[in-house]
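Asker:
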Amino acid sequence: MRHLLSHFAILSLLTFLGCSAHAQGFNAQDKADIQRVERYFNGLTTVRSTFLQASSTGHVAQGMFWLSRPGRLRFEYEEPSPILITADGLWLTYQDNELQQTTQIPLFTSPLGVLVDDAVVLGEDLVVETITRQSNVLRLRLRQRDDPEQGVVTLVFQDRPLSLKQWVIEDAQGIEVKVALLNPVFGLELPASLWRPNDFERQADDVGR
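Per our numbering: the sequence shown ends with 638, consecutive numbering throughout.
1. Go ahead and pull the three-state DSSP assignment for N526.
2. First and last residue of the beta strand (DSSP E) that includes A621?
3. I think W624 touches R477, with their Cβ atoms under 8 angstroms apart; what is that distance to the nearest whole Å?
4. Is R589 buried or exposed, if buried means 16 or more other CB atoms sit within 10 Å of its CB?
5. Between which residues of its own chain and A548 is the CB-CB distance below 7 angstroms, once the five residues before and five after are set aside?
6. Within this structure, are the beta carbons of N516 and G492 separated by less than 8 angstroms?
7. In chain order, which continuous runs of the beta strand (DSSP E) of length 3 or greater are located wholly inside the segment 496-526?
8. Which class does P540 belong to by DSSP, given the choice of helix, strand or coil?
9. On the three-state DSSP scale, how would you describe Q464?
10. Could you check how far apart the C-beta atoms of S510 and A490 are, in whole angstroms? I think they sit under 8 angstroms.
11. Near Q533, which residues of its chain fall below 6 angstroms by C-beta distance, leaving aside the five closest residues on each side in sequence?
12. Mapping the DSSP letters down to three states, classify G492 as helix, strand or coil.
13. State the CB to CB distance for the pair V581 and R570, rounded to an integer number of angstroms; the pair is presumed to be in contact (CB under 8 angstroms).
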């Protein structure tokens, strides 16, 4: 089960970003950095990056990530992982290619919808526990105010210029999953085919011909 759940580390990050952050008790620099993070996410148009994912249980996976705001993204895990996650502007689709199983929910009724919406707004539902700076690295540790059992997430940025490099999800049982973005490229034109989930029925028909 942990092997499967580790694939949700990316969605867990987006769950937190779909909420909002309350900067009560922080100094002026802390509040300014929270605003910088808002502007950073809202300024993203397209991203293409490889990613490396590792959990404290020993599971390691990697793959490719594409984002086109608003509304579209793709996380494609490399073999032996069978997982594909896509959003086409309307639907968030999670697929297990090995089992040929598909789960879909409306994108903008999911926490993921906020990241790919027109604006990411940090507000009151998420607690920013700590902000730390060291050697041009900015870290924000976040926890949901009303659901602490969901765990914590730490966003790790290169500070200047600001760029998301890694996030770390820690669940209520202390299991950590780290996801690092490697060599991200911004502002590319991305093909519409990236946002389409696999069509298992069509693939089966093609094999049968």
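Here a beta-carbon is modelled for each residue, glycine too, at the ideal position from N, C-alpha and C. Nothing here was measured: the structure is a model prediction, and the numbers come from that model.
Answerer: Reading it off the structure:
1. When secondary structure is reduced to three states using DSSP, N526 falls in the coil class, being assigned neither helix nor strand.
2. Element bounds for A621: n/a, residue is neither H nor E.
3. Actually they are not in contact, since the Cβ atoms of W624 and R477 sit about 13 angstroms apart, beyond 8 angstroms.
4. By the 16-neighbour rule on beta-carbons within 10 angstroms, R589 is exposed.
5. Cβ neighbours of A548 beyond the five flanking positions: N471.
6. For clarity, residue 516 is Ala in the given sequence; the question names Asn instead. Result no, Cβ atoms of A516 and G492 do not sit closer than 8 angstroms.
7. Listed in chain order, the complete beta strand (DSSP E) runs (minimum 3 residues) inside the segment 496-526 are 501-506, 512-517, 520-525.
8. Low confidence applies to P540: its pLDDT is 47, below 50, so where it sits in the model is not reliable, and the reading given next is rough at best. If DSSP states are grouped into helix, strand and coil, P540 belongs with coil.
9. The answer is helix: DSSP assigns Q464 an H, G or I state.
10. Yes, S510 and A490 are in contact; Cβ-Cβ is about 5 angstroms, under 8 angstroms.
11. Cβ neighbours of Q533 within its own chain (closer than 6 angstroms, five residues either side excluded): W520, T522.
12. Correct three-state label for G492: strand.
13. Rounded, the Cβ-Cβ distance is 6 angstroms, consistent with contact.
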